[in-house]
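Below is one structure; the comments refer to it alone.
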Amino acid sequence: MSAKHPLPCPCQSGQPYDACCGAAHAGRRIPPTAEALMRSRYSAFALGLRDWLLATWHPSTRPASLTPDEQPAPKWIGLQVLRHEATGADSAIVEFVARCRVGGRASRLHETSRFVREDGHWFYVDGDLHEA
Ligand SMILES: [Zn+2]
């Protein structure tokens with residue numbers, strides 16, 4: 001993650017990781033929108049940053065701990081945000097498709113996630129999976 005070799009952000013924003021989700025992960029920037037938070041969570045999945053996943057999970061639905069990754073662990077290879085919609089002053093939904101490989105097998109996760117904002121921070125609440 002040196003300046004000489006800026007890592008592209010896993011969320012596929014086209015920005016370097018340090019200027020994108022990395023700023024959130026490092027505590028330098030609060031994700032300003034539900035979509036930005038969702039992207040930072042995707043990147044945290046891709047990079048294995050469990051602390052960030054728990055920190056951005058709303059306390060009402062947050063698991064006590066994250067279960068260990070299934071083996072072989074999925075390798076997250078792509079994110080496409082399909083929809084970002086405010087559903088209230090402090091609530092929003094984000095629909096996305098995340099692609100991964102498990103072993104040699106390609107898989108995709110299509111989810112509409114719900115987010116709420118409290119004290120200026122967005123939190124993931126829960127989501128509905130769309131069957132492929
Ligand atoms: Zn990013």
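First residue of the sequence shown? That's 1 in my numbering, and the numbers climb one at a time after it.
Backbone N, C-alpha and C fix where the C-beta goes; we use that ideal spot for every residue, glycine too.
Since the structure is predicted, the reported quantities are computational estimates derived from the model, not experimental observations.
- DSSP places Asp18 within a helical segment (H, G or I) once states are collapsed to three.
- In this structure, Ser13 has its CB closer than 7 Å to one or more heavy atoms of ligand 1.
- The stretch 29 to 38 and the stretch 70 to 88 touch, with no fewer than 3 CB-CB distances between them shorter than 8 Å.
- Residue environment: His25 is assigned as buried (16 or more neighbouring CB atoms within 10 Å of its CB, all protein chains considered).
- Taking a contact to require three or more Cβ pairs closer than 8 Å, the stretch 117 to 132 and the stretch 63 to 76 do not qualify as touching.
- Shown here for Ser13: same chain residues with a beta carbon closer than 7 Å to its own, the five before and five after excluded, namely Cys20 and Arg39 in chain order.
- Put simply, of Arg29, Phe45, Ala23 and Pro8 the residue whose alpha carbon is nearest the alpha carbon of Leu109 is Phe45.
- The beta carbon of Glu111 sits closer than 6 Å to the beta carbons of Gly127 and Leu129 from its chain, once the five residues preceding and following it are set aside; these are given in chain order.
- Contact between Pro10 and Trp76 is confirmed by a C-beta separation of about 7 Å, below the 8 Å threshold.
- The DSSP-derived three-state label of Arg39 is helix.
- The C-alpha of Gly104 is placed about 10 Å away from the C-alpha of Pro74.
- For Arg50, the three-state secondary structure derived from DSSP is helix.
- As DSSP reads the structure, Arg105 sits in a beta bridge with Val102.
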